[in-house]
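Engineer: Each residue of the first sequence is one higher than the last, beginning at 77 in our numbering.
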Amino acid sequence: MEDVPLAERVLSCVELIPRGRVMSYGDVAEFVGSRAVRNVGRVLASDGGTVPWHRVLRRDGSCAEHLREEQLARLAAEGVPIRDGRVDMRAARWDGRAGPRMPFPSRTGSVAGL
DNA sequence: GGACTGACTCGGT
DNA sequence: AACCGAGCCAGTC
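#1: Give the list of continuous alpha helix (DSSP H) stretches no shorter than 4 residues that lie fully inside the region 113-160.
#2: Of all the options I93, A83, H142, which has the alpha carbon lying nearest to the alpha carbon of S110?
#3: Which first and last residues belong to the alpha helix (DSSP H) in which E88 is found?
#4: With DSSP run on the structure shown, which of helix, strand or coil describes R166?
#5: Would you give the residue range spanned by the alpha helix (DSSP H) that G102 belongs to?
#6: Quick check: V98 and A105, are their CB atoms within less than 7 Å of each other?
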């Protein structure tokens, strides 16, 4: 994770996202130790075909136009909660550092998935 | 070496 | 809630 190109770190991170969970572009960037949040999208645009790119979306749960349909379809198939065309980030957002089953640090005080 | 780009994010209106 | 403008930085030309 040091001399490896950012692009590879990004791809590795995306591969780690468990089924049924999502991360925002910003989360991925932070996870790989970069603030190049825009590059995450660029990396996926060129090499995303090899990783579960559909588990990466915007912070507000919406996603890029050209991906919206397929992304939502795939996520829905994995059981990701979707409300009115956007992913329910509160419930599906995954913090790689904390682990797949961690409840959410309560911005809302409630637990994920409820 | 410099300028441009983008699957983003955030704060202010 | 939606729109706008500015900041961000690795890759590409």
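For glycine and all other residues, C-beta sits at the position ideal for the given N, C-alpha and C.
From a predicted model like this one, the values you see are computed outputs, not experimental measurements.
Structural biologist: Concretely, from the data shown:
#1: 113-123, 141-153
#2: A83
#3: A small correction: the amino acid at residue 88 is Ser; Glu does not occupy that position in the sequence shown. Here the alpha helix (DSSP H) through S88 covers 82-92.
#4: helix
#5: 101-107
#6: no
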